[in-house]
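Student:
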Amino acid sequence: MSSSTPGTNEPEPTDGLKAFGAALKSFRKRAGYTQEALAPEIGYSTHFIASIEQGRRFPPSRFVDQAEATLDAFGTLRLVVNQLTRQRGLAAWFRRWAQLEQEAVNLYTYECRLIPGLLQTEAYVRTLFGARVPSLSDQELEDQVSARLERQKLLRERPNTGFSFIIEEHVFLRRTGGSDVTRELIDHVLEAAAPRNIEVQIMPLSRGVHGGLDGPIQLLETSENKWFGYCEGQETGQFISDPKVISTLQTRYAKLRSQALTPEDSANLLERLRGAP
């Protein structure tokens, strides 16, 4: 699992992040900008730019585009960040979505198969990847676990992002990993749902028909107020940008929110499930 710098929520610099930061700093100086002068030109704070240059923050796509245009970087920054997004432990088809998650202002997830990745505990993650078919090597398993837990920093680092999760009750009733893992998982979900910007709703078994019967839904809104969707299958993922499809998914998600239990009733249900034998 990746560690953080003491006293901050920022990740320890990786070689990839440091390489991008060094490239940005080089082009900034070449163009004659200080960090303070560059900040208003690209619409980001001086602190944000410093974090990027120190390799302590993943550069959002808008940041890269603005820096490229302002610094006349010949496409170099885009090239470096494309290499950076080839993260170990993340499936190739998921990387574009994972990058957009970093800058989302709203992130909606409906899941009917398992607990959403952003809400999983390490024990739950290890159970899932330990049962993967075909089996993973020890290193592959550790890469998968680290990547999954790294993504979860989003919940702590983006207090202004609206997170909505709708999860089927039967996903908890499966008790993946056993009763102890499930109790820890429920405690973790309840704790994750405590901040004002994070909402967890449970779709009860008693709701026989609802708007999500066609499968899981993921939607996000970028800082430019553009909406994208993502649907994942067995060995593939579909990135969705078609406005008509996005509209359909938004309508279905809105229906799901009205059909699921309220956040308060959902928390009460989880408390009851936690105490079940």
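With the first letter of the sequence shown counted as 1, position 151 gets the number 169 in this note's numbering; the numbers rise by one all the way through.
Even for Gly, the Cβ is constructed at its ideal location relative to N, Cα and C.
Note that the structure is a prediction, hence the values are computed from the model and not measured.
(1) Can you give the beta carbon distance from Leu42 to Ala85, rounded, assuming they're within the 8 Å contact cut?
(2) With a threshold of 7 Å on Cβ separation, who are the neighbours of Glu160 within its own chain once the five nearest residues in sequence on each side are excluded?
(3) Assuming the contact rule is C-beta atoms closer than 8 Å, Ile220 and Leu267 should be a hit. Round their C-beta distance to whole Å, please.
(4) So Gly229 packs on Lys273, CB below 8 Å; how close in whole Å?
(5) In whole angstroms, what separates the C-alpha of Gly255 from that of Arg131?
(6) Which residue wins for smallest C-alpha separation from Phe183, given the options Val207, Val218, Leu208 and Arg166?
(7) Glu202 to Glu242, Cα distance in whole Å?
(8) Terminal residues of the continuous beta strand (DSSP E) containing Gly247?
(9) Enumerate in chain order the residues of its own chain whose CB-to-CB distance from Pro24 is below 7 Å, with the five nearest sequence positions on each side excluded.
(10) Ends of the beta strand (DSSP E) at Asn124?
(11) Given this structure, state the Cα-to-Cα distance separating Ile67 from Tyr126, to the nearest angstrom.
Tutor: The short version:
(1) 6 Å
(2) none
(3) Not quite, the Cβ-Cβ distance comes to about 20 Å (not below 8 Å), so this is no contact.
(4) 3 Å
(5) 15 Å
(6) Val218
(7) 37 Å
(8) Trp245 to Glu250
(9) Per-residue confidence for Pro24 stands at a pLDDT of 37, beneath the threshold of 50, marking its modelled position as unreliable; the derived number appears in the next sentence. Correct list: empty, nothing qualifies.
(10) Asn124 to Glu129
(11) 28 Å
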